[in-house]
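Undergrad: Supplied in structure tokens, the structure appears directly below.
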Amino acid sequence: MARGNLMSEILRNDYATQADLDEALAGFVADKLAEAIALRGKASMVVSGGNTPKGFFERLSQRPLPWAQVSLTLADERWLPSSDQHSNEAGIRSNLLRNAAAEAHFVPLFDGSATAAAAVPAVAQRLACMARPFDVVILGMGIDGHTASLFSGTQEGLQDGGDMLPCVAVPAPSEPNVPVPRLSLTAATLTDCRHLVLHITGVAKRELLQQALRPGPVAELPVRLALRQERPPCRVYWAP
Ligand SMILES: O=C(O)[C@H](O)[C@@H](O)[C@H](O)[C@H](O)COP(=O)(O)O
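Take the sequence shown: its letters are residues 533 to 772, numbered as in this note's numbering.
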């Protein structure tokens, strides 16, 4: 059962189990996509990689929506082919782009370029085909406070700037993150949306969330880029 209450500038939705969270988040996202299609004839969505969203993806993939009108991409990609077990695209293909959602239009970030940096202009062009603002953006958070592939200790991708490209190449982070170079949407791109969700699980991430809600630089805990959004406010979905 959700306990949705306003805390600070974020909207918190805490659940007793991950299954409850996955079901509720699938319902929320499906409603927002359906609303966008009803109003504008199409919907756009950005989803995250990692392990946390897998159950939610599975439930969302079964929602009966006009999926052919939905375009979706990733918040970030590890620079690996989709045949690699650590590829975020692989996770999307096996957990989300199936069942009813198999008809969705997926815009991949990885394109086989030798480096993520070399791919940035082409990825920027492909992303331009997606309706903006995105209807829904769902972010995760690493236990070091990163989100998408925007890690602490770097300003790149975190600064605003009218002429910036929508994505950046990111050097390989250190373990426990998968230590391969990345391509990430920038903070300005990720927050150009109608609905913004932070999806996290576990007690350690809840404690880190409390820390990130305190004043401090975004470059120290990049997840703050989401938590400090007022338009739209960030909806945090959490379960133990
Ligand atoms: O490619 C990635 O690593 C992500 O998109 C990243 O931002 C992820 O959301 C967090 O690292 C949480 O990952 P887990 O869900 O696996 O904890």
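Note that beta-carbon positions come from the ideal geometry of N, C-alpha and C, so glycine has one too.
1. Which whole-angstrom value describes the C-beta separation of G715 and L659, a residue pair presumed to lie in contact below a C-beta threshold of 8 Å?
2. Name, in chain order, the residues that DSSP records as bridge partners for S614.
3. Out of curiosity, what's the CA-to-CA distance linking L565 and E739?
4. Could you tell me which residues DSSP pairs with R767 in its beta bridges?
5. So, under 8 Å CB-CB, W611 and V710 are touching, yes? Tell me the CB distance rounded to an integer number of Å.
6. For D616, is the beta carbon positioned less than 7 Å from some heavy atom of ligand 1?
7. Tell me, to the nearest whole angstrom, how far the beta carbon of G582 is from that of G677; I am working on the premise that it is less than 8 Å.
8. If you follow the beta strand (DSSP E) that V669 is in, where does it begin and where does it stop?
9. With hydrogens ignored, establish whether the beta-carbon of T721 is closer than 7 Å to any heavy atom of ligand 1.
10. Nearest CA to the CA of A636: which residue from L557, G685, V652 and L592?
11. Taking all protein chains shown into account, do 16 or more other C-beta atoms lie within 10 angstroms of the C-beta of E609, making it buried, or fewer, making it exposed?
12. Note down, in chain order, each residue of its chain lying with its Cβ closer than 6 Å to the Cβ of I732, except the 5 sequence neighbours on either side.
13. What's the gap between the Cα of A556 and the Cα of F638?
14. In terms of residues, what are the limits of the beta strand (DSSP E) holding V735?
15. From what residue to what residue does the alpha helix (DSSP H) around A720 run?
16. Look at I542 and V579 and say whether their C-beta atoms are less than 8 Å apart.
17. Between Q657, A650, D643 and P598, which lies nearest to N631 when the distance is taken from Cα to Cα?
18. Whole angstroms are fine: how far does the CA of A548 sit from the CA of M533?
19. Alpha carbon to alpha carbon, what distance is there between T721 and M696?
20. Among all the DSSP beta bridges, which residues are the ones paired with V700?
21. For D552, which of helix, strand or coil comes out of DSSP?
22. With which residues is S576 paired in a DSSP beta bridge?
23. Secondary structure at F683, three-state DSSP: helix, strand or coil?
24. How many Å lie between C699 and P653 at the Cα?
25. Quick check: what's the CA-CA separation for V602 versus D546?
TA: Reading from the atomic positions:
1. Contrary to the premise, residue 715 reads as Leu rather than Gly in this sequence. The C-beta separation of L715 from L659 comes to about 11 Å, leaving the pair out of contact by the 8 Å criterion.
2. In the DSSP assignment, no residue is bridged to S614.
3. Each residue's Cα considered, the two are about 31 Å apart.
4. R767 pairs with L543 and V729.
5. The Cβ separation is near 10 Å, so there is no contact.
6. Every heavy atom of ligand 1 is 7 Å or more from the Cβ of D616, so no.
7. That pair is no contact at about 14 Å.
8. Unbroken beta strand (DSSP E) run through V669: F666 to L671.
9. It does not: the Cβ of T721 is nowhere closer than 7 Å to a heavy atom of ligand 1.
10. Looking at the Cα atoms, L592 is the closest of the given residues.
11. When all chains shown are included, E609 counts as buried.
12. Once the five neighbours on either side are set aside, the close Cβ partners of I732 are M673 and W770.
13. Cα-Cα distance, rounded: 23 Å.
14. Where V735 is concerned, there is no enclosing beta strand (DSSP E), although the alpha helix (DSSP H) around it starts and stops at V735 to L745.
15. Residues A719 to L722.
16. The answer is no: Cβ separation not under 8 Å.
17. That would be P598, whose Cα lies nearest to the Cα of N631.
18. Here M533 scores only 43 on pLDDT, less than 50, and its place in the model should not be relied on; the value that follows carries that caveat. Rounded to whole angstroms, M533 to A548 spans 7 Å at the Cα level.
19. T721 has its alpha-carbon roughly 10 Å from the corresponding atom of M696.
20. For V700, the pairing in a beta bridge is given by DSSP as S716.
21. D552 falls in the helix class under three-state DSSP.
22. Under DSSP, S576 takes part in a beta bridge, and its partners are S603.
23. In the structure shown, F683 sits in coil (DSSP, three-state: anything other than H, G, I, E or B).
24. In a straight line, the C-alpha of C699 is about 9 Å away from that of P653.
25. Their Cα atoms are separated by approximately 28 Å.
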